[in-house]
Amino acid sequence: MPWDRNQMAARAAEELEDGMYVNLGIGIPTLVANYVGDKDITLQSENGMLGMGPFPFEGEEDADLINAGKQTITELSRTSYFDSATSFAMIRGGKIAAAILGAMEVDEKGDLANWMIPGKLVKGMGGAMDLVAGVGRVIVVMDHTNKHGDSKVLKECTLPLTGQGVVDLIITNLGVLDVVEGGLKIVELAEGVSDADMRAATQATIVD
Amino acid sequence: MKKIYANASAALDGVLSDGMLIAAGGFGLCGIPELLLEAIKESGVKDLSFASNNAGVDDFGIGILLQTKQVKKMISSYVGENAEFMRQYLSGELELEFNPQGTLAERMRAGGAGIPGFYTKTGVGTVIADGKEHKDFNGETYIMEEGIFADLAIVKAWKADDTGNLVFRKTARNFNVPAATCGKICIAEVEEIVPRGSLDPDSIHLPGIYVHRIIQGSHEKRIEQRTTRKKEDA
């Protein structure tokens, strides 16, 4: 059985180390916060907060306290607030150890596309381009194939890029791939997923 | 010099002109200068360019100026929650310059600090880098981005004193600080104007030198994505 969303998030959480400052993207990456266990992880929200807490209890929402996905959240005893220029100074300046984010496509050179489908969906890159260019380690968490069954792990991205050569690790429902010289290396397979399954679902070059 | 004005329209008197560039604070609907945006709509000024991270939603924030077609161009990082914005953009009515969020914030900060351009790794190898100067530093490639020098900055803060010293609340600070600094004139709308001396000088988020006009008003402070957990989950 391939991993579900929560298993992918749990696997991504294993990549985090005690003391890290981490930025989590929208979607499955948000779930990573549920699996950090005893590790002392400080979550950054790029709209201007370090030490992001869980969602508020009903009735305790505060319009002045949201995350980068515009959801209401809470603060912790360690929380600090700052403006957007300061927030991206710490991102661009390499102070954030890791970013975990979703993707539409990733390729064997570590190129990432997750912000735009030409002529169709115009959303914008938000802070994704700054994050992938600035943080210490970029971990992509996504389904291995799209809804048509086509691989999202490609030889070369076809969509407009978010960053070039920026991805360090890819975690999908089928397993974990490391971005290495010459292609991708299989680090781990989800339980019940064979090496052949992984290779069949991956368009990118897999190196041994 | 008296900085306090009676209301948003009075504060905007004499500073609006067609075709001007306005830098606006806020992230999503959090910390947006909602009263000034409403007054700008009522003024009828047109062909505006906005440097703002988002464009509000259809009936709130900058979205209300899109409905009335008063906006010619947006410089933004994310426009996902605004259907009218997408419609105007895809039909070619609205000019859109996508900026990575950190690049937009730094462009405002740089403009306010008198820096006309800076180099960043953000966007190298993407469409954002097209047509921009590339330069290598220590073996890595960077692109040049330009500072934003806005005709007007409109921001929302929590508290102000009569000299324009501002204090923001939680994540509502966001783009308000860099936006305020990059305007030739900055107008701040606040929830409360407090007596001089009652704000801790060590805890001022934006010194009054950047703020030219201040208004106090009541804010709707709409929540875009109300997300909660149940007590029993705790």
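Sequence lines, in order, name chains A and B. Take 1 as the starting number for the first sequence in UniProt numbering and just add one per residue. Take 1 as the starting number for the second sequence in UniProt numbering and just add one per residue. By construction, the Cβ of each residue, glycine as well, lies at the ideal position given by its N, Cα and C atoms. Here the structure is a predicted model, which is why all the values come from computation and not from measurement.
Would you grab the beta carbon distance between residue i and residue j for me? Rounded to a whole angstrom, and I think it's under 8 Å.
{"i": "Ser52 of chain B", "j": "Gly19 of chain B", "result": "The pair is not a contact, with the Cβ atoms about 17 Å apart (cut-off 8 Å)."}
{"i": "Glu38 of chain B", "j": "Ala8 of chain B", "result": "7 Å"}
{"i": "Asp151 of chain B", "j": "Ile22 of chain B", "result": "7 Å"}
{"i": "Leu166 of chain B", "j": "Ala179 of chain B", "result": "Rounded, the Cβ-Cβ distance is 12 Å, inconsistent with contact."}
{"i": "Phe88 of chain A", "j": "Ile73 of chain A", "result": "That pair is no contact at about 19 Å."}
{"i": "Arg92 of chain A", "j": "Thr42 of chain A", "result": "Incorrect: roughly 18 Å between the Cβ atoms, too far for contact."}
{"i": "Ala68 of chain A", "j": "Tyr35 of chain A", "result": "Rounded, the Cβ-Cβ distance is 20 Å, inconsistent with contact."}
{"i": "Gly56 of chain B", "j": "Leu29 of chain B", "result": "7 Å"}
{"i": "Cys182 of chain B", "j": "Met86 of chain B", "result": "Their Cβ separation, rounded to whole angstroms, is 27 Å, which puts Cys182 of chain B and Met86 of chain B out of contact at 8 Å."}
{"i": "Gly80 of chain B", "j": "Lys123 of chain A", "result": "4 Å"}
{"i": "Val62 of chain A", "j": "Lys170 of chain B", "result": "The question names Val, but residue 62 of chain A in the sequence shown is Asp. The Cβ separation is near 7 Å, so the contact holds."}
{"i": "Lys2 of chain B", "j": "Val211 of chain B", "result": "13 Å between Cβ atoms; not a contact."}
{"i": "Gly111 of chain B", "j": "Phe149 of chain B", "result": "5 Å"}
Just the C-alpha distance for residue i and residue j, rounded to the nearest angstrom, thanks.
{"i": "Lys72 of chain B", "j": "Leu174 of chain A", "result": "46 Å"}
{"i": "Leu96 of chain B", "j": "Ala83 of chain B", "result": "14 Å"}
{"i": "Asn174 of chain B", "j": "Gly139 of chain B", "result": "33 Å"}
{"i": "Ile139 of chain A", "j": "Val167 of chain A", "result": "6 Å"}
{"i": "Val141 of chain A", "j": "Val32 of chain A", "result": "10 Å"}
{"i": "Leu76 of chain A", "j": "Gly53 of chain A", "result": "6 Å"}
{"i": "Ala201 of chain A", "j": "Met104 of chain A", "result": "15 Å"}
{"i": "Ile154 of chain B", "j": "Gly94 of chain A", "result": "31 Å"}
{"i": "Met129 of chain A", "j": "Arg11 of chain A", "result": "24 Å"}
{"i": "Val187 of chain A", "j": "Thr126 of chain B", "result": "29 Å"}
{"i": "Ala160 of chain B", "j": "Ile32 of chain B", "result": "16 Å"}
{"i": "Val177 of chain B", "j": "Leu206 of chain B", "result": "7 Å"}
{"i": "Pro100 of chain B", "j": "Thr122 of chain B", "result": "7 Å"}
{"i": "Ile143 of chain B", "j": "Phe82 of chain A", "result": "26 Å"}
{"i": "Gln7 of chain A", "j": "Lys230 of chain B", "result": "23 Å"}
{"i": "Asn146 of chain A", "j": "Asn23 of chain A", "result": "25 Å"}
{"i": "Ser151 of chain A", "j": "Tyr119 of chain B", "result": "35 Å"}
{"i": "Leu203 of chain A", "j": "His144 of chain A", "result": "Sequence inspection shows Gln at residue 203 of chain A; the Leu mentioned does not correspond to that position. Roughly 10 Å between the two C-alpha positions."}
{"i": "Lys109 of chain A", "j": "Ser84 of chain A", "result": "30 Å"}
{"i": "Gly182 of chain A", "j": "Ala129 of chain B", "result": "26 Å"}
{"i": "Pro189 of chain B", "j": "Pro118 of chain A", "result": "At residue 189 of chain B the sequence reads Glu, which differs from the Pro that was named. Approximately 38 Å, taken between the alpha carbons."}
{"i": "Asp40 of chain A", "j": "Ile40 of chain B", "result": "47 Å"}
{"i": "Arg213 of chain B", "j": "Pro201 of chain B", "result": "20 Å"}
{"i": "residue 211 of chain A", "j": "Glu191 of chain A", "result": "Look at the range of chain A in this structure, 1 to 208, and you will see that residue 211 of chain A is not part of it."}
{"i": "Thr141 of chain B", "j": "Val106 of chain A", "result": "21 Å"}
{"i": "Gly131 of chain B", "j": "Asp195 of chain A", "result": "43 Å"}
{"i": "Leu191 of chain B", "j": "Ser218 of chain B", "result": "For the record, residue 191 of chain B in the displayed sequence is Glu; it is not Leu. So the alpha carbons of these two residues sit roughly 6 Å apart."}
{"i": "Phe60 of chain B", "j": "Leu66 of chain B", "result": "10 Å"}
{"i": "Ala113 of chain B", "j": "Gly147 of chain B", "result": "9 Å"}
{"i": "Asp58 of chain B", "j": "Val124 of chain B", "result": "33 Å"}
{"i": "Asp38 of chain A", "j": "Val207 of chain A", "result": "35 Å"}
{"i": "Gly165 of chain A", "j": "Arg199 of chain A", "result": "21 Å"}
{"i": "Gly149 of chain A", "j": "Ile209 of chain B", "result": "58 Å"}
{"i": "Leu48 of chain B", "j": "Ser77 of chain B", "result": "18 Å"}
Examine the ligand FMN and report whether any of its heavy atoms sits within less than 7 Å of the Cβ of residue i.
{"i": "Gly26 of chain B", "result": "You won't find the ligand FMN in this model; it holds no ligand whatsoever."}
| Using 8 Å as the Cβ pair cut-off and three pairs as the minimum, do the segment 127-146 of chain A and the segment 99-119 of chain A touch? | Yes, the segment 127-146 of chain A touches the segment 99-119 of chain A.
| request: Quick one: which residues of the segment 66-81 of chain B get their C-beta closer than 9 Å to a C-beta of chain A? List them in chain order. | output: Ser76, Ser77, Tyr78, Val79, Gly80, Glu81
| task | Could you tell me which uninterrupted beta strand (DSSP E) segments, each at least 3 residues in length, are contained entirely in the segment 142-221 of chain B, listed from first to last along the chain? | result | 150-160, 183-193, 213-216
| In the segment 81-99 of chain A, which residues sit with their C-beta less than 9 Å from some C-beta in chain B, listed in chain order? | Tyr81, Phe82, Asp83, Ser84, Ala85, Thr86, Ser87, Phe88, Ala89, Ile91, Arg92: these are the residues of the segment 81-99 of chain A whose beta carbon lies less than 9 Å from some beta carbon of chain B, given in chain order.
| message | Whether or not the segment 187-207 of chain B and the segment 43-50 of chain B are in contact is what I'm after, with contact meaning three or more pairs of Cβ atoms, one per stretch, closer than 8 Å; do they touch? | response | Two segments are said to touch when three or more pairs of C-beta atoms, one from each, lie closer than 8 Å; by this definition the segment 43-50 of chain B does not touch the segment 187-207 of chain B.
| query | Taking any Cβ of chain B, which residues in the segment 45-58 of chain A have a Cβ under 9 Å from it, in chain order? | reply | Across the segment 45-58 of chain A, CB contacts with chain B closer than 9 Å involve Ser45, Glu46, Asn47, Gly48, Met49, Pro54, Phe55, Pro56, Phe57, Glu58, in sequence order along the chain.
| task | Inspect the CB distances between the segment 217-231 of chain B and the segment 31-50 of chain A and report whether three or more fall short of 8 Å. | result | The segment 217-231 of chain B, when compared against the segment 31-50 of chain A, does not touch it at the 8 Å Cβ threshold.
| query | Hey, which unbroken runs of the alpha helix (DSSP H) at 4 residues or more fall wholly within the segment 74-98 of chain A? | reply | 84-92
| said: Within 8 Å, do at least three Cβ pairs link the segment 152-170 of chain A to the segment 110-117 of chain A? | reply: By the criterion of at least three beta-carbon pairs nearer than 8 Å, the segment 110-117 of chain A is in contact with the segment 152-170 of chain A.
| query | Mind listing which residues of the segment 177-194 of chain B have their C-beta closer than 7 Å to chain A's C-betas, in chain order? | reply | Val177, Pro178
| Hey, which unbroken runs of the beta strand (DSSP E) at 3 residues or more fall wholly within the segment 3-87 of chain B? | 21-24, 48-51, 71-76
| message | For the segment 133-162 of chain A, list every residue whose C-beta sits within 8 Å of some C-beta in chain B, in sequence order. | response | Ala133, Gly134, Pro160, Leu161, Thr162
| task | Return the residues of the segment 8-19 of chain A that lie within a Cβ-Cβ distance of less than 9 Å from chain B, sorted by chain order. | result | Residues: none.
| field | Interface positions of the segment 85-108 of chain B facing chain A (Cβ-Cβ less than 9 Å), listed along the chain | value | Phe85, Met86, Tyr89, Leu90, Leu96, Phe98, Asn99, Pro100, Gln101, Gly102, Thr103, Leu104, Ala105, Glu106, Met108
| task | Entirely within the segment 130-160 of chain A and at least 3 residues each: give me those beta strand (DSSP E) ranges in chain order. | result | 137-141
| query | Of the residues that make up the segment 58-78 of chain A, which ones have a beta carbon closer than 9 Å to any beta carbon in chain B? | reply | Glu58, Gly59, Glu60, Glu61, Asp62, Ala63, Asp64, Leu65, Ile66, Asn67, Ala68, Gly69, Lys70, Gln71, Thr72, Ile73, Glu75: these are the residues of the segment 58-78 of chain A whose beta carbon lies less than 9 Å from some beta carbon of chain B, given in chain order.
| query | In chain order, what residues of the segment 115-132 of chain A put their CB closer than 7 Å to some CB of chain B? | reply | Val122, Lys123, Gly124, Met125, Gly126, Gly127, Met129, Asp130
| said: If the cut-off is 7 Å on Cβ atoms, which residues from the segment 121-150 of chain B count as contacting chain A, listed in chain order? | reply: Of all residues in the segment 121-150 of chain B, those with a C-beta nearer than 7 Å to a C-beta of chain A are Lys121, Thr122, Gly123, Val124, Gly125, Thr126, Val127, Ile128, reading in chain order.
| task | Tell me the start and end of each unbroken alpha helix (DSSP H) in the segment 161-208 of chain A that is at least 4 residues and wholly inside, in chain order. | result | 195-201
| request: Would you list, in chain order, the members of the segment 162-177 of chain B that have their beta-carbon closer than 9 Å to a beta-carbon of chain A? | output: Phe168, Arg169, Lys170, Thr171, Ala172, Arg173, Asn174, Phe175, Asn176, Val177
| Taking a cut of 8 Å between CB atoms, which residues from the segment 26-48 of chain B lie near chain A? | Near chain A, meaning a CB-to-CB distance below 8 Å, the residues of the segment 26-48 of chain B are Phe27, Gly28, Leu29, Cys30, Gly31.
| field | Contact set between the segment 218-230 of chain B and chain A, restricted to residues whose Cβ is under 9 Å from the partner | value | His219, Glu220, Lys221, Arg222, Ile223, Glu224, Gln225, Arg226, Thr227, Thr228, Arg229, Lys230
| query | Counting only runs that start and end within the segment 90-130 of chain B, where is the alpha helix (DSSP H) found for 4 or more residues in a row? | reply | 101-112
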